[in-house]
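Heads up, the final residue of the sequence shown is numbered 234 in UniProt numbering, and it's a clean run with no missing numbers. We put the CB at the ideal spot given by N, CA and C, even for glycine. From a predicted model like this one, the values you see are computed outputs, not experimental measurements. Here's the structure we're looking at; comments come further down.
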Amino acid sequence: MLRVENLCVNYGGIQALRGISLEVPEGGIVTLIGANGAGKSSTLRAIAGLVRNKSGSVTWKGKNITGMQPERVLESGIALCPEGRRIFPHLTVLENLRLGGYSCKSRGEADAAVERAFALFPRLRERSWQKGGTLSGGEQQMLAVGRALMSSPELVMFDEPSMGLAPILVEEVFEIIRQINKEGRTVLLVEQNAFAALKIADYAYVLEVGQITLQGKGEELLNDSRVISAYLGG
Numbered sequence: 001m002l003r004v005e006n007l008c009v010n011y012g013g014i015q016a017l018r019g020i021s022l023e024v025p026e027g028g029i030v031t032l033i034g035a036n037g038a039g040k041s042s043t044l045r046a047i048a049g050l051v052r053n054k055s056g057s058v059t060w061k062g063k064n065i066t067g068m069q070p071e072r073v074l075e076s077g078i079a080l081c082p083e084g085r086r087i088f089p090h091l092t093v094l095e096n097l098r099l100g101g102y103s104c105k106s107r108g109e110a111d112a113a114v115e116r117a118f119a120l121f122p123r124l125r126e127r128s129w130q131k132g133g134t135l136s137g138g139e140q141q142m143l144a145v146g147r148a149l150m151s152s153p154e155l156v157m158f159d160e161p162s163m164g165l166a167p168i169l170v171e172e173v174f175e176i177i178r179q180i181n182k183e184g185r186t187v188l189l190v191e192q193n194a195f196a197a198l199k200i201a202d203y204a205y206v207l208e209v210g211q212i213t214l215q216g217k218g219e220e221l222l223n224d225s226r227v228i229s230a231y232l233g234g
């Protein structure tokens, strides 16, 4: 469904990605794990068109989308739930959601997308009038996920969805990701909580300093001594 081949991304003189290749099959959950600065977020941002790649390609459903503008990437069926939530704090929950649905072709389509978000996150319905900045951290993460789903994407990319959340909320977020996948959406997940990410992943890649050093089924990497030692506190 999604294929990244020999992708290189530079920030000034820093080489963030050094020729990585990965695949995300339709209907699966694929995760990228690694330390801070490994290149995980750069991978998602390059796929979403938010940063330019130096070389390599991104192919989506057989079409080369390398260098495509972010709004076109979104319209093609790929949505990014960004690191740090990036909600609009001075807008209400409902206004945040409607901004996520700007590509909807009609008011009815947008209204239906809002209802789907509220069905997934009943707490957002209760707080639809509240400013985004007044929500708790967990509620803001729900809003960020709901906003990403407004365009009815086929592939949802999550960038560090558990960051800054209490352990009980982390479990809730990963259960939500499972549910989104069960509803038929493909998931590409970037996450520092390697244990939680590998538990739900069909396939996983380990990134180190801009390169993929390990890959395999999520369950296999969960039991790999190298991964245990480096990322699971073994």
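Do you know how far the Cα of residue j is from the Cα of residue i?
i    : j    : result
R52  : V73  : 13 Å
I93  : S128 : Sequence inspection shows Val at residue 93; the Ile mentioned does not correspond to that position. Computed Cα separation, rounded: 5 Å.
P25  : R3   : 9 Å
L149 : K131 : 20 Å
N96  : R178 : 23 Å
Q15  : C8   : 7 Å
K61  : H90  : 37 Å
Y102 : I65  : 21 Å
L136 : M163 : It is Ser, not Leu, that sits at residue 136 in the sequence shown. The alpha-carbon atoms of S136 and M163 are separated by roughly 13 Å.
P82  : S229 : 28 Å
G84  : L143 : 12 Å
I176 : G13  : 38 Å
V202 : N193 : Strictly speaking, residue 202 in this sequence is Asp, with Val absent from that position. One C-alpha to the other measures close to 16 Å.
L124 : T31  : 27 Å
P167 : A110 : 33 Å
A46  : K40  : 10 Å
R116 : E126 : 14 Å
Compare the beta carbon distance of residue i and residue j with 7 Å and say whether it is the shorter of the two.
i    : j    : result
F174 : I200 : yes
A35  : P70  : no
I33  : A197 : yes
G108 : R147 : no
L44  : V190 : yes
A79  : V170 : no
G210 : L17  : yes
I87  : Q141 : no
N6   : G77  : no
G133 : L165 : no
By DSSP, does residue i sit in helix, in strand, or in coil?
i    : result
R18  : strand
A204 : strand
G210 : coil
L221 : helix
M150 : coil
G34  : coil
N10  : strand
R226 : helix
Q141 : helix
Q215 : strand
L155 : strand
L2   : strand
E172 : helix
G189 : The amino acid at residue 189 is misidentified as Gly; the sequence shows Leu. It is a strand residue.
E23  : strand
Just to confirm my understanding: we take residue i, look at its own chain, exclude 5 residues before and 5 after, and list those with CB closer than 6 Å. What are they?
i    : result
N181 : I29 and V187
V227 : L221
R185 : V156
Measure from the C-beta of residue i to each C-beta in chain B and report whether the shortest distance is under 7 Å.
i   : result
L94 : Within the model displayed, chain B is absent; a lone protein chain is all it includes.
By Cβ distance, which residues of its chain are closer than 8 Å to residue i, with the 5 residues on each side in sequence left out?
i    : result
G67  : G49, R52 and N53
E208 : G34, A35 and A38
I212 : I20, S21, L22, Y205 and V206
D224 : L214 and G216
Within its chain, find whatever has a CB closer than 7 Å to the CB of residue i; leave out the 5 residues flanking it on each side and keep chain order.
i           : result
residue 243 : A question about residue 243 goes unanswered here, because the residues of the chain that appear run from 1 up to 234.
Y231        : I33 and A194
If we require 3 or more residues per run, which beta strand (DSSP E) segments fall completely within the region 47–123? 55–60 and 78–81
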